[in-house]
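Residue numbers (our numbering): 5 to 453. Just so it is clear, CB atoms sit at the ideal spot from N, CA and C, and this is done for glycine as well. Source: prediction; values computed, not measured.
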């Protein structure tokens, strides 16, 4: 057999394997309630296995909180709030690759941490993990010599000692020898950014996870992935195209009023339109408050401590510098993103923003402009054409008590499973957690077949 024949044979064998993988592993018709990241990822996994899926979403588009809106005055498409990925978010990266949008995420090899006086540029050296970031830290004036020495001593303890069940991030870091300087200038910015919570309130378990996974475990875990397209084009639109190409029935503007359970199983869904829909199995991929309104027991989910985020869209009068993503230390707005230098668009984000929620728009824009100017002084005196503030009261959480209220995918109802970043994924409530939960829900359904 010649090379071409061998290649053709392998291709035919590969095609048969793909076809076999697409054959339905269960004959059930599955309803996925909710078209956010968790619902889309669950539906994609089921569709990939040839399962008949109907996805019901109350909004006019898919994507959930990862979406965008059109500003009529400027004609620009703005994100509701900047969502990013870390290189360690392997399931989220794989999900974006699956739906064909990973090419629209730029992973930055350099991260700038700025305090107004000094800049720490974190980048990987040729050293293996967990030593790969040390040279960039060692040559920066951002930390004192004592802090650098303390950091070297801290790394083994961070990798070896797990956080206790009742330890906050601050208590845990203090317990392994973290100094005040490292706490304020390294740990706090990472914890607030990744967990949307201060180190005094955040779970030590999740703080340790983020620090180890992003900074120590692999050479690429620290890289920050920022979308290069509006967020609606990153997940919602490609997710819809992926599902429809695999025969899924996606119904938008379709709101479920109640989930009807009898004799330990879901019997039908009642829509707000009055329509009744029956399926064999069900996935509820909605937040716990929406789930409770449908009459489903959230098993403690309604007691989760959600935390707010504030984002400010700054549209300057003129072109702005093409900034690398910058973490600003010691200010309420902690991250600055250059979204469109040609049109003067900069987005600034404040996590763990409980203290900001009652401030007026002008006060918030002043704080946002201060952070932007810290990232680049050129922005300090540049005229602002328009400023838009978005407040999100129910954003990710990672408090000490959260794990007690995060249910598993399986429920006491025989044909119902849960999905959502708020469920028990062992990850903080992020895009990564949402993808993991959706895939776990799909696996639970398939394994129960």
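Bounding residues of the beta strand (DSSP E) (the contiguous stretch that carries residue i)
| i | result |
| --- | --- |
| residue 83 | 81-83 |
| residue 73 | 72-74 |
| residue 366 | Careful: residue 366 lies outside any beta strand (DSSP E), inside the alpha helix (DSSP H) at 365-379. |
| residue 359 | Careful: residue 359 lies outside any beta strand (DSSP E) and carries neither H nor E. |
| residue 191 | Where residue 191 is concerned, there is no enclosing beta strand (DSSP E), given that its DSSP letter is neither H nor E. |
| residue 307 | Run containing residue 307: none; DSSP gives neither H nor E here. |
| residue 98 | Segment 94-103 is the alpha helix (DSSP H) holding residue 98; no beta strand (DSSP E) there. |
| residue 254 | 253-255 |
Residue i vs residue j beta-carbon contact at 8 Å
| i | j | result |
| --- | --- | --- |
| residue 348 | residue 313 | no |
| residue 471 | residue 260 | Here the chain covers residues 5 to 453 and nothing more, so residue 471 does not appear. |
| residue 309 | residue 44 | no |
| residue 30 | residue 55 | yes |
| residue 51 | residue 227 | no |
| residue 34 | residue 449 | yes |
| residue 331 | residue 62 | no |
| residue 70 | residue 232 | no |
| residue 211 | residue 436 | no |
| residue 134 | residue 163 | yes |
| residue 379 | residue 327 | yes |
| residue 206 | residue 195 | yes |
| residue 39 | residue 79 | no |
| residue 418 | residue 269 | yes |
| residue 394 | residue 85 | yes |
Status (buried if at least 16 other CB within 10 Å, exposed otherwise) for residue i
| i | result |
| --- | --- |
| residue 343 | buried |
| residue 157 | exposed |
| residue 193 | buried |
| residue 64 | exposed |
| residue 83 | buried |
| residue 415 | buried |
| residue 12 | Unreliable placement is indicated for residue 12, whose pLDDT of 41 sits below 50; no coordinate value is reported for it. |
| residue 432 | buried |
| residue 145 | exposed |
| residue 21 | Residue placement at residue 21 is flagged as unreliable, the pLDDT there being 42, under the threshold of 50; a coordinate-derived value is accordingly withheld. |
| residue 1 | Beyond the ends of the chain as shown, which are 5 and 453, falls residue 1; an answer cannot be given. |
| residue 292 | buried |
| residue 410 | buried |
| residue 184 | exposed |
| residue 446 | buried |
| residue 311 | buried |
| residue 323 | exposed |
| residue 329 | buried |
| residue 351 | buried |
| residue 373 | buried |
| residue 277 | exposed |
| residue 177 | buried |
| residue 444 | buried |
| residue 49 | buried |
| residue 413 | buried |
| residue 168 | exposed |
| residue 5 | Only weak support is given to the placement of residue 5: the predicted model assigns it a pLDDT of 35, under 50, and the question is left unresolved by the model. |
First and last residue of the uninterrupted alpha helix (DSSP H) at residue i
| i | result |
| --- | --- |
| residue 292 | 292-297 |
| residue 440 | 435-451 |
| residue 179 | 173-179 |
| residue 461 | No information on residue 461 is available, as it lies outside the stretch 5 to 453 that the chain covers here. |
| residue 182 | That residue, residue 182, is in no alpha helix (DSSP H); it is neither H nor E in DSSP. |
| residue 51 | 41-52 |
| residue 244 | 240-249 |
| residue 212 | 208-215 |
| residue 137 | Per DSSP, residue 137 belongs to no alpha helix (DSSP H) and is neither H nor E. |
Paired residues, beta bridge with residue i - DSSP
| i | result |
| --- | --- |
| residue 126 | 115 |
| residue 270 | 265 |
| residue 1 | Nothing can be reported for residue 1, as the shown portion of the chain is limited to 5 through 453. |
| residue 4 | Here the chain comprises residues numbered 5 to 453, so residue 4 is not present and cannot be evaluated. |
| residue 57 | 34 |
| residue 331 | 117 and 339 |
| residue 455 | Residue 455 falls outside the range modelled here, since the chain spans only 5 to 453, and no answer is possible. |
| residue 230 | 110 |
| residue 275 | 260 |
| residue 349 | 319 and 344 |
| residue 414 | 421 |
| residue 90 | 228 |
| residue 281 | 273 |
Query raised in the report: Three or more C-beta pairs closer than 8 Å, one from the region 370-389 and one from the region 183-190: is that the case here?
Result: no
Query - Segment contact, 8 Å Cβ cut-off, at least three pairs: the region 352-370 with the region 289-298 - result: no
Report task. Report yes or no: do the region 99-106 and the region 326-341 share at least 3 C-beta pairs separated by less than 8 Å? Result -> no
Requested in this report: Could you say if the region 83-94 and the region 217-226 meet the contact criterion of at least three C-beta pairs nearer than 8 Å?
Outcome: yes
**Report entry** Three-pair Cβ contact test at 8 Å for the region 271-289 versus the region 366-380
**Finding:** no
**Report entry** the region 230-244 touching the region 193-202, judged by at least three CB pairs closer than 8 Å
**Finding:** no
Requested in this report: Evaluate contact between the region 161-180 and the region 126-133, counting only Cβ atoms and requiring at least three cross-stretch pairs below 8 Å.
Outcome: no
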